[in-house]
Every structure is written in C-alpha cells, then in structure tokens.
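Counting from 4, one number per residue, gives the positions in the sequence shown under the working numbering.
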Amino acid sequence: MNAHRISIVSLLGAVFLVTSCQQLPEQLGLAVELKPVAGRLTAVNPNDVVVAPIEFAEEGLQAPEQLLRQAAVGSLIARRYAPLSLGFVDASIPESLAGGVLKASYRPGSLGEDAVLRIIVHEWDTSLWDLRNALMVDLEFIMEDPGDSGQELWHARMKQRFDFEKQARTAATESALLSVAMRVMTDEICSQLPQRAVLPGAQ
C-alpha cells in the first residue's frame with residue numbers, strides 16, 4: 004500500500020470516526036401517548052386557543068405554572084395556532100371570596116375562543132434538578148371544544164425524564180434555564196399536535 008493510499012484510508016477513517024461520534028437527530032414525541040379522539044380537531048380547525056390555568060392531579064404537587072403556560076403558548080404558535088394572551092385570560096377568571104384567583108376555574112367559551120388547552124400535571128419530580136439539572140414529569144394536554152360541552156379535540160400524555168445539563172452551561176440565570184426547560188417539554192408533547200390548517204384567505 005503506497006503512502007498516497009494510506010493517507011486516503013486514514014482520512015476516510017477520521018471522517019468515519021467524527022461522524023459516528025456525532026449525536027443523531029432526536030425524534031420528538033417518542034414518549035407521547037395519544038388518546039383516541041374522533042378526528043374532530045381537523046373539522047373544527049381552531050384558531051384562537053385559551054391556555055387555561057394549570058391543573059394538578061394531586062394536592063401538594065407544585066410546578067412553575069406561569070412558565071409552563073407561557074411555554075405552551077409558544078409551542079401552540081409554532082403549530083400555527085393563535086393562543087390568547089395569558090394576562091387577558093387570567094383577567095377573565097372570577098376571584099374567590101378570599102381574594103385569590105381560583106386555580107383552573109376558567110369558564111370555557113368566556114372569551115369566544117375556538118378551543119381550550121388544559122394542562123394537567125400528574126408528576127413534577129425535581130429531586131435531580133440541583134445535581135443534574137434533570138426533571139421527571141408526567142404531563143397531560145387536552146384540547147377541548149368550548150362550544151360542544153367540552154368535547155375533546157386532541158388528547159396527549161407524556162411521562163419522561165428531561166436532562167438540561169447542556170442548557171445549564173449557557174443559561175444566564177436559573178429563571179432563563181427554567182424557561183428553556185419548559186419550552187423543550189411543551190414542544191415535545193405538542194410535536195404530536197397536528198399543525199393548524201391555514202386556509203386560503205385566512206388571517
């Protein structure tokens with residue numbers, strides 16, 4: 004084997020080594036379980052969507068509620084929906100006698116929206132956050148038709164561990180890291196939400 008051929012073989016070997024060490028593109032939504040819904044999302048094709056206050060499956064569960072809702076707003080926009088301002092939504096929620104806003108008390112249809120997105124937190128485990136910037140979550144997203152007795156348009160659930168060590172190295176603050184983490188999670192589950200069909204002439 005001459006020197007020229009050896010150099011080519013060495014170069015090809017180096018290229019193979021580099022490419023084999025690169026991470027493969029991650030496929031979104033592998034951990035998302037879709038619940039059977041009779042294809043009404045396509046028929047309704049909602050535009051304006053209310054992201055309702057976070058619901059918790061068990062008393063005592065905690066999660067960064069507003070950050071999670073804001074992330075869901077961004078994920079919906081990426082899927083061509085038009086979520087209403089969270090401030091606008093929250094201002095429409097009646098206050099309790101104690102003076103505090105009632106959790107998950109939005110009345111569907113109050114703002115004339117086409118759909119309501121409910122987010123239910125079943126698990127929010129932060130035990131590995133300080134050590135590894137990891138979260139174990141169990142989230143359920145349900146999109147409902149406010150004009151049809153809350154009939155489901157789309158329903159998904161995701162139980163997954165997310166690791167944010169890489170993002171933690173570049174995040175300026177803890178709040179910034181949490182915002183990124185929330186968006187990664189909502190993008191993951193919303194990757195299984197069909198994009199809204201934009202009809203000719205529609206805004």
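From the three backbone atoms N, C-alpha and C, an ideal C-beta is built for every residue, glycine too.
For alanine 55, the CB contacts under 6 Å within the same chain, skipping 5 residues up- and downstream, are Tyr109, Val119, Arg121 in chain order.
Closest option to methionine 161, judged by alpha-carbon separation, among Arg172, Ala179, Ile80, Trp127: Trp127. Residue pairing by DSSP places glutamine 163 opposite Val140 in a beta bridge. Following the DSSP letters along the chain, one finds valine 119 in no alpha helix (DSSP H) but inside the beta strand (DSSP E) bounded by residues 118-128. Just measuring C-alpha positions, the residue of Pro39, Ser130, Ile80, Leu44 sitting nearest aspartate 190 is Ile80.
Taking alanine 171 as the centre and dropping the five residues before and after it, the same chain places the C-beta of Asn136, Leu180 closer than 7 Å to its C-beta, in chain order. If you compare the alpha carbons of Leu70, Asp117, Ala34, Thr176 with that of glutamate 155, the shortest gap goes to Asp117. Annotated three-state conformation of glutamine 73 is helix, per DSSP.
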